[in-house]
Amino acid sequence: MEFFDVGAIVWILRKCPWWVPDFTVADYLPQLRELNSRMRRGEPFVAHSTRHLIIASTR
Numbered sequence: 005m006e007f008f009d010v011g012a013i014v015w016i017l018r019k020c021p022w023w024v025p026d027f028t029v030a031d032y033l034p035q036l037r038e039l040n041s042r043m044r045r046g047e048p049f050v051a052h053s054t055r056h057l058i059i060a061s062t063r
């Protein structure tokens, strides 16, 4: 995923709380400000994730 603004990152972290448990803007404000500075210089934030499909049966 590519993010081009900090607001989008805050939104996704609030919608997917398992990515950063107990995320709050106040707790991560210094990091978000730094990230915002980078993004304003034209550097998107790129996030990579891995997903697994587990199929379970009761045989």
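In the working numbering, the protein residues as written are 5 to 63. Ideal Cβ placement from N, Cα and C applies to all residues, glycine included.
Between Val-29 and Leu-39 a beta carbon distance of about 12 Å is seen, past the 8 Å cut, so the two are scored as non-contacting. Judged by their CB atoms, Phe-49 and Ile-13 are nearer to each other than the 8 Å cut-off. Beta-bridge analysis with DSSP links Val-50 to Glu-6. Distance from the Cα of Thr-54 is smallest, within the candidate group Arg-18, Trp-23, Val-10 and Gly-11, for Trp-23.
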